[in-house]
Amino acid sequence: MQGRKLILLGLAACLAGSALAKQAKTQTPVSKTAPKASKKTGSSASVAKLAAPIALATAASATPAKRQPVIVSDSGPEAQLAKIFKEIEGNRLGNALQLTESLLQQHPNYRLAHLIRGDLLLARTQPIQTFGALNGAPADKVADLRAEAVVRLKGYREKPEANFVPRYLLQMQADQRHAIVVDTKRSRLYLYENDVANGGRPRFVADYYITQGKLGAEKLAEGDKKTPVGVYHVTANLPRQKLADLYGSGAYPINYPNEWDKQQGRKGSGIWLHGTPSDTFARPPRASDGCVVLTNQDLDAVAKNLQVGLTPVIISNSVEWLSLDDWAKERNELNKTIDAWRADWESRDTDRYLRHYSKRFKSAEQNFDQFAAQKKQVNAGKEWIKLKLDNLSVFRNPGKEEVVVVTFDQDYRSNNLNNQMKKRQYWQREDGKWKIIYEGSA
Amino acid sequence: MTSTSLLQPRFKQLKTLRALAIGLAIGFAVPAFADNLPEVQRLIKQGQYPQAMEKVDAYLSSKPKDAQGRFLKGLIYTEMNKPAEAIAVFTKLTEDYPELPEPYNNLAVLYAQQKQYDKARTALEMAIRTHPSYAIAYENLGDIYAKLASQAYDKALQLDNANAATQNKLALIRDLITTSGKGNVKPSAAPSAGALAAPAPTVAAKPAAAPSASVVTSTQGAASTTPAKIAEAKPAPAAAPTPPAPVASKADAASEDVAKAIAAWANAWSRKDVKGYLAAYANDFNTPKGMPRKAWEAEREDRIAGKPGKISVTFDEPKISVSGDKATAKFRQHYQAPGLTSSTTKTLVFVRSGNKWLIKEENSR
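Protein chains in written order, with my numbering: chain S, 38 to 479; chain P, 223 to 587.
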């Protein structure tokens, strides 16, 4: 029974790891965990087919170097899958089958593991050429499972590097204990802790496989089957008992469309983080109508850290990572900018104050000119203004445009009016300067 | 869903029906009731199961431990469609005689009928562990793996498996071939050697019935009832005694001819050229377990021409020793057909007949 080549190894071999954190300036080179990829691809045409798209993805960062220590904390099937593919690669198919079967004991509804098991069993009766070797297997389903295998193994091999943080988490307010960052391209959710003792530095806790919308990210319209990209937060906790089976062990709606989305004319609703239906352990990387879907065990683990109304959920196409130094720099720059805005408001010099606002500024009711006119009028009647900002949070909005979302409790006092509110602003960098393009109550 | 169309090709490879042999091929003497068991077998063959049961029970009352008797009892239960009782008998046999592969094999067949493929797999793997050369178990295991693979695919890809009721066709062993038992099973010089021929040919015939035929009904046409040919138990050492012919270039030429004969034989087999294949055998070829030449030919034809899909038979560089008009070739044979891939070590003993080398004996391990 030996001597049979299982070309599944193409999949495993091709997943050469390129690490996650690479930012323009600090371009930390990374090691390749599976440098065999190129050698193996020669062995068969089908491997080459499989390899091609992945090779493209990893080609960018081929520089070898020392690997940073990584934190591994999630308990998903990634480690077992990685082992299984390693055994397949080494043509130790018996071991691979054993490992697959023990994985299935843990997760009896794990379709990917069933597929691998099918391949390994079939390989005992005939040589098989590819992943999902069943004759006439529905190509879309096989492709889904292959995609899941690829992203899971990549996720497993490419943990965020120590000393790098997602660019979006510039400042959390003290009572936000955790933040969630989703990378739709990688099908990955990263859980960060607000390390208050360390100056509010985000600390990596765990990462999880996720499913996004069938048609990808950057939601624009109702029913477009896409996952929104932006800065959101959890707005509710819908317990399992109230949910259809589709949502699995629970659901956490987020506030899509947010103020910015509405301004941009983005439509749709009902974007949730939720679990997985009972007939499967996991769903393919692209399968939802726009929700972010976790396995039930992962949702349960993440849910422990969610605070309704507080926990930020930042969804990105492809997470940008900053070294801690760069992160601190960006954070300081923004904190200074925000404080300058505050001070200029207190100064009652309306022109100085209005310098912080973009000409394209819009609030819910006013454009820039209306806003400027009103401010001039109001400030004329002021003898003094005291402004205090508390619970400040600053999150960078994912995407090409440089936008940050700033939220705080505003305590406004003046000779003729006192007012407390929770305010949210969107700042955009215009010609190198941060300007407010939206503000309103949060 | 596209699934319905998928099932067809997948199950094709499972419909291979395998071998049932009735003959009691045990090469040992059963002193007191020697004549009883062949009688039981005759009754089984005639489908007279209650009578067969009566006889075997009578036999077992005086020899309750007897492996042969109990094995036949398990068979009778199987034939009477009493799988629970049959499973009990064969399970007990595997406990008392863990070195016998046949009870494991039959257990696997029964489990497979009940769609308990994981149990079937375990049993077959046990059969192979005890007897690594056990071809029927390999073939059955191939089917079980395919079946399990198909189940796994169904789960992975959510295929609609509604009409997968296709009966599983595994070969029930009707015969305790191995002679390495304890109790009254007397160990013989070469345990299990030579009991099996090529991987495909094993014992028995494929029932004419279509896939609907169950394992149980497919008994007729089985191999000879002729009890044990003792000679069969010890054909193994074929290659050993012949010293390699060192000098003679004549021998070298002969070696070459033998190698060509092997190639032609494997080639005919691969092409499903039954005529060419059979022509490679001598008239006095030692058929497996001494079955009649005609029956053997029919079986081979069925197994080769009747096999759906492609057959490929290849072999590694043979070791050939020639001694006069006799030559022994030992090589690794790779057999591949839908549902089965196997590699076996094969020994062919050739005799010279005119300018041809013909196969006189065929053994695999």
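Where is the CB? At the ideal position from N, CA and C, for every residue including glycine.
Given the structure is predicted, the values throughout are model-derived calculations rather than measurements.
Given P/LEU265, which residues of its chain have a CB within under 6 Å of its CB, disregarding the five upstream and five downstream residues?
These residues qualify, in order along the chain: GLN273, ALA274.
Assign P/ASN508 to buried or exposed, taking buried as 16 or more other Cβ atoms, counted over all protein chains shown, within 10 Å of its Cβ.
That one is buried.
Counting only Cβ pairs nearer than 9 Å, list the residues of chain P close to S/VAL179.
Result: ALA378, LEU379.
Please go through the segment 278-329 of chain P and give each complete beta strand (DSSP E) segment of 3 or more residues, from N-terminal end onward.
Note on the segment 278-329 of chain P: there is no whole beta strand (DSSP E) run with a minimum of 3 residues.
Cα-Cα separation, S/LYS196 to S/LEU134
Rounded to whole angstroms, S/LYS196 to S/LEU134 spans 27 Å at the Cα level.
Could one say the Cβ of S/HIS144 lies closer than 8 Å to chain P's Cβ atoms, at least one of them?
Not one chain P Cβ lies under 8 Å of S/HIS144.
So, for S/TYR193: in the same chain, excluding its five sequence neighbours on each side, which residues have a beta-carbon less than 7 Å away from its beta-carbon?
Hits under 7 Å: GLU115, ALA116, ALA119.
Please confirm if S/ALA186 has its CB atom under 8 Å from at least one CB of chain P.
Answer no: the Cβ-Cβ gap between S/ALA186 and chain P never drops below 8 Å.
Using a C-beta cutoff of 8 Å, does S/LEU171 count as contacting chain P?
Judged by the 8 Å Cβ criterion, S/LEU171 is in contact with chain P.
Using a Cβ cut-off of 8 Å (strictly closer), state whether P/ALA185 contacts chain S.
The displayed coordinates of chain P run from 223 to 587. Any statement about residue 185 of chain P would go beyond what the structure contains.
Where does P/LYS568 land, buried or exposed, given buried means 16+ other C-beta within 10 angstroms?
Buried, since its Cβ has 16 or more Cβ neighbours within 10 Å.
Considering just the uninterrupted stretch of the alpha helix (DSSP H) at S/SER355, what are its terminal residues?
For S/SER355, no alpha helix (DSSP H) run applies, since DSSP gives it neither H nor E.
Helix, strand or coil: which one does DSSP assign to P/ALA644?
This structure does not reach residue 644 of chain P, given that chain P is present from 223 up to 587, and the question cannot be answered.
N- and C-terminal bounds of the alpha helix (DSSP H) containing S/ASN455:
In this chain, S/ASN455 is not harboured by any alpha helix (DSSP H); it is covered by the beta strand (DSSP E) spanning 455-467.
S/PRO265: buried (16+ other C-beta within 10 angstroms of its C-beta) or exposed?
That one is buried.
Could you tell me which chain S residues have their CB closer than 7 Å to the CB of P/LEU562, listed as they occur along the chain?
Those are THR162, listed as they occur along chain S.
Report back the beta-carbon spacing between P/ALA483 and P/TRP579 to the nearest angstrom; my notes put them in contact at under 8 Å.
At roughly 4 Å, the Cβ-Cβ gap stays under 8 Å, so P/ALA483 and P/TRP579 are in contact.
Counted within 10 angstroms of its Cβ, other Cβ atoms place P/ASN577 as buried (16 or more) or exposed
Under this definition P/ASN577 is an exposed residue.
Answer with yes or no whether the minimum CB distance from P/ALA633 to chain S is below 8 Å.
Shown here, chain P extends from 223 to 587; a query on residue 633 of chain P therefore has no answer.
Residues of its chain near S/GLU259, where Cβ-Cβ distance is below 8 Å and the 5 sequence neighbours each way are ignored:
Counting only Cβ-Cβ distances below 8 Å, and skipping sequence neighbours, we find LYS304, GLY305, SER306.
Proximity below 8 Å, CB of P/ILE581 to CB of P/TRP487:
Remark: C-beta atoms of P/ILE581 and P/TRP487 approach each other more closely than 8 Å.
Quick check: what's the CA-CA separation for P/ARG351 versus S/VAL350?
CA-CA distance, P/ARG351 to S/VAL350, rounds to 56 Å.
Using a C-beta cutoff of 8 Å, does P/ALA490 count as contacting chain S?
Output row for P/ALA490: interface = no.
Compare the C-beta of P/GLY269 against all C-beta atoms of chain S and say whether one is closer than 8 Å.
By this cut-off, P/GLY269 is not an interface position.
What's the gap between the Cα of P/ARG396 and the Cα of P/PHE293?
So the two alpha carbons sit approximately 8 Å from each other.
What's the C-alpha gap between P/ALA359 and P/ALA520?
Going from the Cα of P/ALA359 to the Cα of P/ALA520 covers about 22 Å.
Output needed in chain order: residues of the segment 316-329 of chain S with a Cβ under 7 Å from some Cβ in chain P.
Flagged: no residues at all.
CB of S/TYR245 within 8 Å of CB of S/GLY113, strictly:
Less than 8 Å divides the Cβ of S/TYR245 from the Cβ of S/GLY113.
Interface partners of P/TYR367 on chain S, CB under 8 Å
Correct list: LEU158, LEU159, ARG161, THR162.
Does DSSP put S/SER306 in a helix, in a strand, or in coil?
Looking at S/SER306 - three-state DSSP - the assignment turns out to be coil, as it is neither helix nor strand.
Can at least three beta-carbon pairs, one atom from the segment 197-204 of chain S and one from the segment 411-431 of chain S, be found at a separation below 8 Å?
Under the three-pair Cβ rule at 8 Å, the segment 197-204 of chain S does not count as touching the segment 411-431 of chain S.
Within 10 Å of its beta-carbon, does P/ASN505 have 16 or more other beta-carbons around it, so buried, or fewer, so exposed?
Per the 10 Å Cβ criterion, exposed.
Check the DSSP bridge columns for P/VAL594 and list the partner residues they point to.
This structure gives no information on residue 594 of chain P, because the portion of chain P shown stretches from 223 to 587.
Tell me the rounded alpha-carbon separation between S/GLY302 and S/ASP388.
Looking at the two C-alpha atoms, the distance is approximately 30 Å.
For S/GLY469, count neighbouring Cβ atoms within 10 angstroms of its own Cβ and tell me buried if that reaches 16, exposed if not.
A residue is called buried when at least 16 other Cβ atoms come within 10 angstroms of its Cβ; S/GLY469 does not meet this threshold and is exposed.
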